[in-house]
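The structure appears below as structure tokens.
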Amino acid sequence: MAAFEPVLLANVGKPDSYTLSAYEASGGYQGLRKVLQTMSPDQVKDLVKSSGLRGRGGAGFPTGLKWTFLPANHPGPIYFCLNADESEPGTFNNRILMESDPHQVLEGLIISCFATKASTAYFYMRYEFPTAWDRVNAAIADCYRAGYLGSNILGSGFSLNVYTHRGAAAYICGEETGLIESLEGKRAWPRIKPPFPAVEGVFRKPTVVNNVETAACVTQIATRGVEWFKSMGVPPDPKIPRDAGSYGPKLYCLSGHVNRPGCYEAPLGLTVRELIDTYGGGVPQGRKVKAVIPGGISMGLLTAEELDCPLDFNGPGRYGCLGLGTAAVVVMDETVSMVDFLHNSCQFFAHESCGQCTPCREGTSWSLGLMKRIMAGQGRLKDLDLLLEIGDTIGIIPGTTICGLADGAAWPIKNAIRKFRGEFEEYIRRTNPAGWMKTDPVPAMKLVELH
Amino acid sequence: MTTTKSKRVLTDEMIAQIREFIPRYPSKQAVTLPALHVVNDHLRYVPLQAVVEIAEILELRPADVQDTLSFYGFFKQDKPHGRVRAWVCRSVSCHLLGADQVLEHMCQRLQIRPGETTSDGSLTLEFAECLGACEHAPCMLAGKDLHSRLTPKTADEFLDKLIQ
Amino acid sequence: MATVIVDGNEIEIGDQARLNGIQVARLAGVEIPHYCWHPGLSVVASCRMCLVETGRRDPKTGQIQMTGKLSPACQTPATDGTVFVTNSPNVKNAREMVEEDLLLRHPVDCPICDKAGECSLQDYHFQHGRAERRADIKPFTSRRQVLGDSVTLFVDRCVMCTRCVRFCREIVGTGELMIANRGAHEEIAVFPGFPLENPLAGNVVDLCPVGALGDVDFLYSQRAWFMDSNSHVCAGCSTGCSIRVDENQDRIYRLKPRENPHINQWWMCDEGRYGWKHVHDPARIAFPRRQDGASRQDVDWSQLPAELDRALRKAGRLAAVLSPFLTVEEAYLLAQYVRGIDPQALLVLGPTPVTGEDVTFPHGFRIHAEKCPNRRGVMQVVAGVAGEVISWEDLLAQHLSTGDIRGVWVTAGNPSPWIDDTVAAQFEGLQTLVVQDLFESGLTARANYVLPAAAWVEREGSFVNFADRLQSFRWAIRAPAGVKVEGPLWWQLTGRQGLYQARQVLDDVARAIVYFSAACGPVPEQGIDLKINQLAGVGQT
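Chains as they are written, first to last, in the working numbering: chain A, 153 to 603; chain B, 11 to 174; chain C, 3 to 543.
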């Protein structure tokens, strides 16, 4: 397989790559100029729509299509939110883009705002990226000085203000409407939909929320064109109605038990095996893969037999995972206990559940309690059935919750127990020889609460 | 309840910084999180009195600001956090590579639990959910510095430097 | 006409109707369980108890296409062709799941919880919950926190429906209640130093579907199943909130609002809610008595009406002070009685207590400064019978001082002190002074006859509120043994036979006085707007 020439990561590693001068020197903001000078907002919308770009934040919704949901002829203001809250465990490509190439992101943001007629953009960045925070803020200031932001950008008549807004360590702020509520100064409880943000978003005005990597793709589509974008990836699957395909380059994050963890750019459709072996240099100490997260922890698990799963928007679903997610691949070798993994996953989701709706608030808390008891050697086989029941019932897909965090909590439970049931049963029998068979409710364990 | 000048916790500088955010949003409530950060950056915590004063500036009720503040679990309210706040990630990639053991090692050495501050006020140790730096697992964010591939040994080196 | 399909049954709703799944299912006789939804508050769809299956019926083909997932009924608008399925296995499983979820960390301390017997968590558990407990058992009682003077919080019983928080933010506008923390650690709280103390605070206890919010006044005083609920109308001010009186064996334990979209929506203010203490005050005048100088003699009710009648007929020119605490029927009977003796008898509208200003809340609920329930009704009766309304001030300033008036019957019934000694002294020297009141005053000290008044909950009849809305009610509790309620007393004095029939009196009033003509027919539970039949120029304020 020929090595792919990075485009999104082209500037990463170059000296001072995050400065405006370096960015312009390598051709930056030509895309923006072309758009402002030769295209109308609707034309840009059509451009992005025809490119087949799908959101890179985890949901994979076609970006151009999302932009068309904005009401036509709205008197404004229309708002744009850049979702830089990247918190999906295993994911770090947004951070790299913002630290090393913030102008690529900003250029895409400005083009997106032009297309959607947004007059104000909020760059919502999670708290834990201090370097990105400093560099993005400096980049924005440079853009104002250079005339890429502010009034009448490059004489086009289009005006845009961009403000950074700093988060405070809450995963749910990465959910579209959770971000909006957080931006408005309230607790980040995702909103019920409808209405969708395009109709009624931040400050009750039409709003588009897009991911950082999506914005970088917009830059490249504007610069290099639709044909370039569609020259890589996976065409739509004719068996799936309304399938939008998986076009363009993707930033894959690779971490866990690999020799070369890092962020790698390749067309959509790369298989997990290729990513691990070719890019990641395989598993350290010659160990074998036991399980792999395909797209951030919310997507679930692949087994060692499922490594030919292609990382496009349809691939992981065929192997029982939730989807492509953020294409953040985490490798677990044969030393990993799936019981321990699942406990870590349940701990994450219980901590991050916003608490608004009953099935998620209680389901994530209950699943953590069950995993703690199992880990402590007081588990029963019946607990596995309870965990699976929780996993099968909570989520926006069955309709029982307001947002998809619950689905993210559910899939690791379902995949871990169903694909590694034997290991769970063995652990429970071994650690609780006297009680693994009990089915009556047991008195709750005394827990030491951390934090 | 209005604030008398003698009890005031927000300095003029903090108030000015908070007010700078107001023109950016059509609603004052949107300045809540930026205001909390301004106060936290200066005081290293956000005491209840600061919540009252922020609410006054933003024409909100203290309950509104406190509601938002407490959602995040990020802002301490009883006393300032340490001069350095060290977040050790505990999510999947870091967990796989031994983050829990490193954190426990640091806790043992400092004789504090996660969330607590050393008695000399120099360091607060925290666990964090995914810091978005999984290629550096197990990682720790201390102030603005990201520490990569943390081991008990490198953690000790970090703590040694801090003591000096 | 829009047609909605609920469990296979077609329900017709108006094209203008804005109903959600819960409301339209009610029309079909189906009660969809829910915690967080309330018709008076914003829709949050967070409890997930109202999950149902939804779909659409194609208007042309009649084919039904279900969405394939569950949706909250509270956030699903019922439009033409909307299909709701509330009884499928999916829906039942979802309810079991939510109910089980809410019980996972719940103390289940029903034996010491006020809400037992009227608790949604209990009711839904039996109707929709699982038969066995599968979660770890952790018996505990709830932590308790004081939120304010009138409301207490049992923290761990809360199911996070957020009704209370939304009420304070949306209906009252004071927003004292907040949510603290995130996820399973969430709790309702107030900010230290800013307690829950708005004039409508007690409503949050009504709203709470479980025993988390408790009414400090009512706490631990009575079990829900021992109380009878009686519909009535609050007499605290001229808003005239529709309420119910919860009592057991003629002792009031609490008041709660009744839904009335025309007056109080779903709310009542704390002043009204807790304004019943005077009813059981031991200082109430308990028995009728005759007074002659310093001597006081108890009189039997079997003899007293005849004695009163003789005394009034002997007195000469009469006046009656009709209190704005009387019902319409009582005012009419007293006016008829007194005019029956003296056709020129003065009919005086009793003093109207006014405290402060009207207070209006976001969304329109209003507490009035006029702290009596029926000034408008009594005034219209007086105007209708006498052709003019003499004010209390005029009575004092003009008519009493001339010495023409020899006999006066004063009705009061104001729970607060309403007359000072100086004014009372103006009633000295009358031949016959009858004072009918709740508590002793300078006026009862000077009376020839002191009659115990009934409290408002002991009366049967109608009040007219500030917006000319007439509401009728039955008595909620029996008056104490020594009290002969005003209505039955004047029914007897005007020569009517048998038991007191307030409805008959109202018929008479509606026929005799144009202002009341809309009350000719049956009065609906939520009252009737008397303005419907107002002729121009009649019935001035």
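Cβ atoms here follow ideal geometry from the backbone N, Cα and C, with glycine treated the same way.
Through-space distance from residue j to residue i, alpha-carbon basis
i	j	result
LEU258 of chain A	ARG376 of chain A	17 angstroms
GLU426 of chain A	THR478 of chain A	17 angstroms
ASP492 of chain A	LEU234 of chain A	35 angstroms
ILE139 of chain C	SER519 of chain A	15 angstroms
MET490 of chain A	LYS442 of chain A	9 angstroms
LEU151 of chain B	ASP286 of chain A	15 angstroms
GLY415 of chain C	PHE327 of chain C	6 angstroms
ALA447 of chain C	VAL235 of chain C	31 angstroms
ARG298 of chain C	VAL452 of chain C	10 angstroms
THR128 of chain A	TYR315 of chain A	As shown, chain A starts at 153 and ends at 603. That puts residue 128 of chain A outside it, with no answer to give.
SER398 of chain A	PHE244 of chain A	21 angstroms
GLY539 of chain C	VAL516 of chain C	Note that GLY539 of chain C scores 48 on pLDDT, short of 50, meaning its location in the model is unreliable; the coordinates nonetheless yield the value given after this. Taking the straight line from one Cα to the other gives about 11 angstroms.
ILE407 of chain C	LEU149 of chain C	55 angstroms
Limits of the unbroken alpha helix (DSSP H) element including residue i
i	result
ILE565 of chain A	557-571
PHE31 of chain B	22-31
THR190 of chain A	182-190
Where residue i sits in the DSSP three-state scheme
i	result
GLY434 of chain A	coil
ASN467 of chain C	coil
TYR276 of chain C	coil
VAL540 of chain C	A caution first: VAL540 of chain C carries a pLDDT of 49, below 50, which makes its placement in the model unreliable, though a value can still be read off. VAL540 of chain C falls in the coil class under three-state DSSP.
PHE193 of chain C	coil
GLU134 of chain C	coil
MET589 of chain A	coil
ILE392 of chain A	coil
TYR404 of chain A	strand
SER231 of chain C	strand
GLN400 of chain C	helix
MET270 of chain C	coil
Interface flag, residue i vs chain A, CB-CB below 8 angstroms
i	result
GLU139 of chain B	yes
ALA137 of chain C	yes
GLY142 of chain B	yes
CYS49 of chain C	yes
ARG34 of chain B	yes
Chain C within 8 angstroms of residue i, Cβ atoms only
i	result
THR510 of chain A	yes
VAL594 of chain A	yes
LEU602 of chain A	Reliability fails at LEU602 of chain A, whose pLDDT of 41 lies under 50, so the model's placement of it is uncertain and the value that follows must be treated cautiously. Closer than 8 angstroms: no.
ALA528 of chain A	no
ILE620 of chain A	Past the edges of chain A, shown from 153 to 603, lies residue 620 of chain A, and the structure says nothing about it.
ARG513 of chain A	yes
SER37 of chain B	no
GLY83 of chain B	yes
LEU58 of chain B	yes
GLU136 of chain B	no
Cβ of residue i within 8 angstroms of any chain B Cβ
i	result
PHE193 of chain C	yes
ILE181 of chain C	yes
Sheet register partners of residue i (DSSP bridge)
i	result
GLN293 of chain C	C:ARG298
CYS99 of chain B	B:ALA138
GLU333 of chain A	According to DSSP, which records beta bridges pairwise, GLU333 of chain A is partnered with nothing at all.
GLY216 of chain C	C:THR154
GLU14 of chain C	C:THR5
PHE86 of chain C	C:VAL8, C:THR56
HIS317 of chain A	A:TYR276
Contact set between residue i and chain D, taken where Cβ atoms lie within less than 9 angstroms
i	result
GLU178 of chain C	Protein chains in the displayed structure are A, B and C, and chain D is not among them.
Distance cut-off 7 angstroms: residue i Cβ against heavy atoms of the ligand FMN
i	result
PHE327 of chain C	The ligand FMN is not part of the structure shown, which contains no ligands of any sort.
Where the beta strand (DSSP E) containing residue i begins and where it ends
i	result
ARG59 of chain C	53-59
SER73 of chain C	66-74
LEU217 of chain A	Note, LEU217 of chain A: premise wrong, no beta strand (DSSP E); alpha helix (DSSP H) at 215-220.
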